[in-house]
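Engineer: One structure coming up, written as structure tokens, with questions to follow.
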Amino acid sequence: APNLKTRQTFVTPGETPTSFDDIAHYNNFYEFGTDKLDPSRNGGGLQTSPWTLKVSGLVKKPQVYDVDQLIRQLPLEERIYRMRCVEAWSMVIPWVGVSLSHIINHVEPLGSARYVAFRTLLDPDQMPGQRGSVLDWPYVEGLRMDEARHPLAMLSVGLYGRTLLPQNGAPVRLVVPWKYGFKSIKSIVEMRFTERQPPTSWNKANPQEYGFYSNVNPDVDHPRWSQGRERRIGEFAKRRTLMFNGYGSAVAPLYAGMDLKRFF
Amino acid sequence: MKKPVWLKPLLFVVLLAPMTVLAISWIRLLSGTDVPALTADPVAETTRVLGEWSLRSLLAALAVTPVARLTGWTPILTARRMVGLIAFSYVLVHWSFWMWLDLAWSPAELAKEIAKRRYVLFGMAGFLCLLSLAITSTRGWIRRLGARRWQSLHRLVYVAGAAGCIHYAMLVKGNQAAPKIYLLILAMLLAARYLPQRRRRSVPAAAKAPVQAPPRNMTRNAIATSASDIPNI
Chain A
-17 APNLKTRQTF VTPGETPTSF DDIAHYNNFY EFGTDKLDPS RNGGGLQTSP WTLKVSGLVK
43 KPQVYDVDQL IRQLPLEERI YRMRCVEAWS MVIPWVGVSL SHIINHVEPL GSARYVAFRT
103 LLDPDQMPGQ RGSVLDWPYV EGLRMDEARH PLAMLSVGLY GRTLLPQNGA PVRLVVPWKY
163 GFKSIKSIVE MRFTERQPPT SWNKANPQEY GFYSNVNPDV DHPRWSQGRE RRIGEFAKRR
223 TLMFNGYGSA VAPLYAGMDL KRFF
Chain B
13 MKKPVWLKPL LFVVLLAPMT VLAISWIRLL SGTDVPALTA DPVAETTRVL GEWSLRSLLA
73 ALAVTPVARL TGWTPILTAR RMVGLIAFSY VLVHWSFWMW LDLAWSPAEL AKEIAKRRYV
133 LFGMAGFLCL LSLAITSTRG WIRRLGARRW QSLHRLVYVA GAAGCIHYAM LVKGNQAAPK
193 IYLLILAMLL AARYLPQRRR RSVPAAAKAP VQAPPRNMTR NAIATSASDI PNI
């Protein structure tokens, strides 16, 4: 049952949300295993409360938030976004959360802060996938400051009106709808404001295949598969992938003048 | 050594069980029942599972001869062709699924994929190897080609095994263990053939006898246990 009070502020036109069941049972969250069903099977041990989110680095007011308290205090919104995985499948998800800029404004970044680095929990007891070396744990991600401040970038604490399940990145995760899903880091424990571009997990694992930006782009193929089409969960045939996942009119100005084939 | 009657039916049932489960799952899915095991993307999941069982059954086929050599239990050789054909049927369904639902049976799309993506190239190479082996797997083809040429042709099964393992290794994201395990098993199976072969050289008479073309009425299984101890396939 819904347990979060929200008001709907954004709907992606023409899209029907994917079923809750599919969103909760088709996941890439390698901290719990590499099969799509692993995160829902192995996520049960994640202690999502109490949870602290540390915000540090180049800011005037560093914070250590209690996430339960954040969830109670923030003016939660529901936003229906497309989610495009780099593996060429996609979903439509009714997220609950706030603009990331909410938190950014609260901690007051210094003028020298140009990037935000994010880090996931590191605890192989709670995240059994971290006992293997699929990736260099903990998972890290990053955004340029203007991307992080973009009104579509979201810090999410729920979906379908309820708090997040572990497999969906409980208790707090990033949602950047115009980038491939792996940029939307899950189960965040720290946000750090930096001057230099921070390392990101998939870029470290394979820089030829995963760039820092990783914007959804049908014209730049992943070296091993096409990004021109995607399978929407629930459909059999593939459909065309949209530039910036269909959010180009809102986010294209962030990349004006950039060669998106080079900065992929 | 007497051939156990249960051997082939047992291998048949065990190796084709995953295919049967998939078939039943798809019948249920298409008739509107929720099938959690197929995940929210049944096409991708089915292709993945078929690929996995292609490799497993191909490695099983490659393991038959080493098992016979190391244990001396030659009756197992009578199951080799069947296991190989099961591996081919997994590959065939795996390939057809991809051709149909991802490429819509378009030869142009297939050509583009092969040219562009190395993992597709390896997968197709393995598929074509196994296709030629499946076609020539009959007694008639052994006769037509002659035992020696037939044997050389069927060494392509190693190429298919290697191509399949590389295809899988090139496909996964991140540093995953599974493809490495398959490659390790493949390497061990190749090594297992090489080592006893060297030992056989010091046992002159039987081992050095060349493989002879089979008489018309001989089955492949009979060739396997008579021509040389165990042929080098």
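Protein chains in written order, with the working numbering: chain A, -17 to 246; chain B, 13 to 245. For glycine and all other residues, C-beta sits at the position ideal for the given N, C-alpha and C. Please read all numbers here as calculations on a predicted model, not as lab measurements.
What residues in the region 37 to 53 of chain A have a beta carbon less than 7 Å from any beta carbon of chain B?
Structural biologist: none
Engineer: Which of the three DSSP states, helix, strand or coil, is assigned to A/H204?
Structural biologist: Within the first sequence, numbered from 1, the residue matching residue 204 of chain A stands at position 222. Strand at A/H204.
Engineer: If the criterion is Cβ atoms closer than 8 Å, does the pair A/T223 and A/I170 meet it?
Structural biologist: As a position in the first sequence, residue 223 of chain A is number 241, starting the count at 1. As a position in the first sequence, residue 170 of chain A is number 188, starting the count at 1. Going by C-beta atoms, A/T223 is not nearer than 8 Å to A/I170.
Engineer: When burial is assigned at 16 or more other CB atoms within 10 Å of the CB, is A/N87 buried or exposed?
Structural biologist: As a first step, residue 87 of chain A is located in the first sequence; it is residue number 105 there, counting from the start. That one is exposed.
Engineer: Taking DSSP as the reference, what is the three-state secondary structure of B/A219?
Structural biologist: Locating residue 219 of chain B in the second sequence gives position 207, where the first residue counts as 1. For B/A219, the predicted structure reports a pLDDT of 40, less than 50, and the residue's modelled location is therefore unreliable. The matter cannot be settled from this model.
Engineer: Return helix, strand or coil for A/P153, following the three-state DSSP convention.
Structural biologist: Position 171 of the first sequence, counted from the start, is the residue given in the question as residue 153 of chain A. Coil, per DSSP.
Engineer: For the alpha helix (DSSP H) holding A/Q112, just list the boundary residues, first then last.
Structural biologist: Here residue 112 of chain A corresponds to residue number 130 of the first sequence, with the count starting at 1. Premise fails: A/Q112 is in no alpha helix (DSSP H) and is neither H nor E.
Engineer: Can you give the beta carbon distance from B/L97 to B/A146, rounded, assuming they're within the 8 Å contact cut?
Structural biologist: Taking the first residue of the second sequence as position 1, residue 97 of chain B is located at position 85. Taking the first residue of the second sequence as position 1, residue 146 of chain B is located at position 134. Contact holds; Cβ gap of about 6 Å.
Engineer: Check whether the Cβ of A/H7 lies closer than 8 Å to any Cβ atom in chain B.
Structural biologist: Position 25 of the first sequence holds residue 7 of chain A. Closer than 8 Å: yes.
Engineer: In or out: A/L92 buried (at least 16 other Cβ within 10 Å) or exposed?
Structural biologist: In the first sequence, the residue the question calls residue 92 of chain A occupies position 110. Exposed.
Engineer: Please list, in chain order, all residues of the same chain as A/Q190 whose beta carbon is under 8 Å from its beta carbon, the five residues on each side excluded.
Structural biologist: As a first step, residue 190 of chain A must be located in the first sequence, where it is residue number 208. Same-chain partners within the cutoff: P205.
Engineer: So the candidates are A/T(-6), A/V41, A/L28 and A/L147; which of them puts its Cα closest to the Cα of A/N227?
Structural biologist: Working through the first sequence from its first residue, we reach residue 227 of chain A at position 245. From the listed residues A/T(-6), A/V41, A/L28 and A/L147, the smallest Cα separation to A/N227 is found for A/T(-6).
Engineer: Please report how far the alpha carbon of B/I242 lies from the alpha carbon of A/W119, in whole angstroms.
Structural biologist: Start at 1 with the first residue of the second sequence, and residue 242 of chain B comes out as number 230. Start at 1 with the first residue of the first sequence, and residue 119 of chain A comes out as number 137. Note that B/I242 has pLDDT 48, beneath the 50 cutoff, so the model's placement of it is unreliable and no number is given.
Engineer: Find out if the Cβ-Cβ distance for the pair A/V21, A/F11 is shorter than 8 Å.
Structural biologist: As a position in the first sequence, residue 21 of chain A is number 39, starting the count at 1. As a position in the first sequence, residue 11 of chain A is number 29, starting the count at 1. Checking the sequence shown, residue 21 of chain A turns out to be Pro, not Val. Yes; because the gap between Cβ atoms is below 8 Å, this pair is in contact.
Engineer: Thinking just about the alpha-carbon of each residue, which of A/S208, A/Y142 and A/S231 is nearest to the one in A/K220?
Structural biologist: The sequence position of residue 220 of chain A within the first sequence is 238, counting from 1. The shortest C-alpha separation from A/K220 is found at A/S208.
Engineer: Could you name the residues of chain A that B/M131 contacts, counting a contact when the two beta carbons are closer than 7 Å?
Structural biologist: Mapped onto the second sequence, residue 131 of chain B falls at position 119. Sequence inspection shows Tyr at residue 131 of chain B; the Met mentioned does not correspond to that position. Those within 7 Å of B/Y131 in chain A are R206.
Engineer: CA-CA distance, A/L125 and A/L117?
Structural biologist: Here the question's residue 125 of chain A lines up with position 143 in the first sequence. Here the question's residue 117 of chain A lines up with position 135 in the first sequence. Straight across, the Cα-Cα distance linking A/L125 with A/L117 is about 20 Å.
Engineer: Kindly say whether A/R64, judged by its beta-carbon, lies nearer than 8 Å to any beta-carbon of chain B.
Structural biologist: Locating residue 64 of chain A in the first sequence gives position 82, counting from the first residue. Chain B contact via Cβ: absent.
Engineer: Using only CA atoms, which one of B/R93, B/F109, B/H106 and B/D114 lies nearest to A/A70?
Structural biologist: Position 88 of the first sequence, counted from the first residue, corresponds to residue 70 of chain A. Nearest of B/R93, B/F109, B/H106 and B/D114 to A/A70, Cα basis: B/D114.
Engineer: How about the region 48 to 59 of chain A and the region 135 to 149 of chain A: do they share at least three Cβ pairs that are nearer than 8 Å?
Structural biologist: yes
Engineer: Give the secondary structure of A/N227 by DSSP, where H, G and I count as helix, E and B as strand, and everything else as coil.
Structural biologist: Here residue 227 of chain A refers to the residue found at position 245 when the first sequence is read from its first residue. Helix.
Engineer: Can you pull the chain A neighbours of B/V55, defined as C-beta to C-beta under 8 Å?
Structural biologist: Taking the second sequence and counting its residues from 1, one reaches residue 55 of chain B at position 43. Result: R213 and F218.
Engineer: Strictly below 9 Å CB to CB, what residues from chain A border B/M182?
Structural biologist: One-based indexing of the second sequence puts residue 182 of chain B at position 170. Residues of chain A passing the Cβ test: R206.
Engineer: From the beta carbon of B/A52, is the nearest beta carbon of chain A less than 8 Å away?
Structural biologist: Here residue 52 of chain B is taken as the residue at index 40 of the second sequence, counted from 1. True, the Cβ-Cβ gap to chain A drops below 8 Å.
Engineer: Mind checking which residues open and close the beta strand (DSSP E) that includes A/Y12?
Structural biologist: Here residue 12 of chain A refers to the residue found at position 30 when the first sequence is read from its first residue. Judged by DSSP secondary structure, A/Y12 falls outside any beta strand (DSSP E); it is assigned neither H nor E.
Engineer: Is the number of C-beta pairs between the region 58 to 76 of chain B and the region 173 to 184 of chain B that are closer than 8 Å three or more?
Structural biologist: yes
Engineer: Taking the straight line between their C-alpha atoms, what separation do you get for A/D105 and A/P153?
Structural biologist: The count along the first sequence starts at 1 and reaches residue 105 of chain A at position 123. The count along the first sequence starts at 1 and reaches residue 153 of chain A at position 171. About 15 Å.
Engineer: When Cβ atoms are compared, which residues of the region 100 to 115 of chain A fall closer than 9 Å to chain B?
Structural biologist: G114 and S115
Engineer: Taking any Cβ of chain B, which residues in the region 147 to 174 of chain A have a Cβ under 7 Å from it, in chain order?
Structural biologist: none
Engineer: From the DSSP output, which residues share a beta bridge with A/W77?
Structural biologist: Indexing the first sequence from 1 puts residue 77 of chain A at position 95. DSSP, once it has assigned bridges, lists A/R61 and A/L141 as partnering A/W77.
Engineer: Alpha carbon to alpha carbon, how far is B/L195 from B/Q224? Give it in angstroms, no decimals.
Structural biologist: In the second sequence, the residue the question calls residue 224 of chain B occupies position 212. In the second sequence, the residue the question calls residue 195 of chain B occupies position 183. Reliability of the predicted coordinates at B/Q224 is poor, the pLDDT of 46 falling under 50, and the value obtained from them is presented with this limitation in mind. Between B/Q224 and B/L195, the C-alpha separation is close to 33 Å.
Engineer: Under the three-state reduction of DSSP, which class applies to A/Y243: helix, strand or coil?
Structural biologist: Residue numbering aside, residue 243 of chain A sits at position 261 when the first sequence is read from its first letter. Checking the sequence, you will find Lys at residue 243 of chain A rather than Tyr. Reduced to three states, the DSSP call for A/K243 is coil.
Engineer: Within 10 angstroms of its Cβ, does A/Q29 collect 16 or more other Cβ (buried), or is it exposed?
Structural biologist: Counting from one through the first sequence, the residue named residue 29 of chain A turns up at place 47. When all chains shown are included, A/Q29 counts as exposed.
Engineer: Counting only runs of 4+ residues fully inside the region 80 to 160 of chain B, write out the alpha helix (DSSP H) ranges in chain order.
Structural biologist: 92 to 113, 119 to 128, 130 to 147 and 151 to 157
Engineer: Between B/G44, B/A75, B/L62 and B/W18, which has its C-alpha nearest B/L201's C-alpha?
Structural biologist: As a working mapping, residue 201 of chain B is identified with position 189 in the second sequence. For B/L201, the nearest C-alpha among the options comes from B/A75.
Engineer: Can a CB atom of chain B be found closer than 8 Å to the CB of A/D4?
Structural biologist: Here residue 4 of chain A refers to the residue found at position 22 when the first sequence is read from its first residue. Judged by the 8 Å Cβ criterion, A/D4 is in contact with chain B.
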